[in-house]
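Below: the structure, in structure tokens.
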Amino acid sequence: MEGIVKFNCYWSQSGAVITDEQYEIINHWREILFNLDLVGAFENGVGFGNISIRIGKSSQFIITGSSTGDIPELEPGHYVKVKSYNIDDNAVMCVGPLKASSESLTHAAIYTADPGTNAVIHVHSPSLWEELMNKVPTTDPAVEYGTPAMAREMIRIFSEPEVFEKRIIVMAGDRGGLITFGNDLDEAGSVLFDYINRGASL
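Numbering (numbering that gives the first Met the number 0), first residue to last: 0 to 201.
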């Protein structure tokens, strides 16, 4: 889910932190995902799904801000830069107009675990989630989203070769939650839609 921040968020409020090029790339995919209800908000107003891109070869990344899931079209001010993080301390240091997404630690763990990953997509699709459960890398169902335990689960999963073959992860403790990743957002998005299009044939 999105919009419920469980980590210790050390936030430096500022103006927009995303470049025009970054915004064009990330917002293109975010709009696609929103229009397909893969990113959005539940009836109770809590958002779900988020998207991020690594900044160069650093450990920093741009991610959608907290509580933006229900906004149809995001502006540059809806994105945040995660400057650093500490999984053991459940802490994220971010800068931007908003606080970082509740899943920032999960994204951070993936970037830490795989230097070749430069983009992460987290969506909700209950039907695909059920279809893929335990057929692709799947997190421990006892592990909740947005927690240090989930971040550690990502590091564990990335130690297994299968994750690089499947390139998709089921978040068993986050009903409907799925993560794809890639060298860039086009790759991460293509992986997601390949699984969606294959559907019941999986």
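Where is the CB? At the ideal position from N, CA and C, for every residue including glycine.
Nearest to residue i by CA position, among the options, is which residue?
i	options	result
F6	I70, M92, F60	M92
V16	D69, S65, K80	K80
S100	R166, Y144, N49	N49
D69	I86, F47, M132	F47
N117	P96, L37, N182, E30	N182
L37	T18, K98, I120, G198	I120
I54	T138, T111, K165, L191	T111
K98	W128, S124, Q12, K134	Q12
T18	I52, N133, V122	I52
L32	Y78, S124, D139	S124
D113	L191, S57, N34	S57
Y22	G188, E186, Y78, R166	Y78
Could you pull the start and end residues of the alpha helix (DSSP H) that residue i belongs to?
i	result
Y194	184 to 197
H106	103 to 112
M149	147 to 156
F163	161 to 165
L131	125 to 131
For residue i, which residues in the same chain have their Cβ closer than 7 Å to its Cβ, ignoring the five residues on either side in sequence?
i	result
A90	F6, N7, Y9, Y84
G76	A15, P96
F266	The first residue shown for the chain is 0 and the last is 201, placing residue 266 beyond what the model contains.
Please work out which residues of its chain come closer than 6 Å, Cβ to Cβ, to residue i, disregarding the five sequence neighbours upstream and downstream, and give them in chain order.
i	result
L201	Note that L201 scores 44 on pLDDT, short of 50, meaning its location in the model is unreliable and no value can be drawn from it.
R197	none
R174	none
So, under 8 Å CB-CB, residue i and residue j are touching, yes? Tell me the CB distance rounded to an integer number of Å.
i	j	result
I168	I156	6 Å
G172	A141	6 Å
I61	L184	With a Cβ gap of about 11 Å, I61 and L184 do not count as contacting.
L104	P147	7 Å
L73	L127	Not confirmed; about 24 Å, so no contact.
Taking the beta strand (DSSP E) that residue i belongs to, which residues open and close that run?
i	result
V79	78 to 85
V94	90 to 95
N7	7 to 12
G181	176 to 181
I62	60 to 63
Leaving out the 5 sequence neighbours to the left and right, which residues in its chain are closer than 8 Å to residue i when beta-carbon positions are compared?
i	result
E159	P136
G115	N182
H106	N49, S51, F60, I62, V81, S100, V119, H121
Legend entry - Runs of alpha helix (DSSP H) lying entirely within the stretch 20 to 50, each at least 4 residues, in chain order: For the stretch 20 to 50, not a single whole alpha helix (DSSP H) run of length 4 or above is found.
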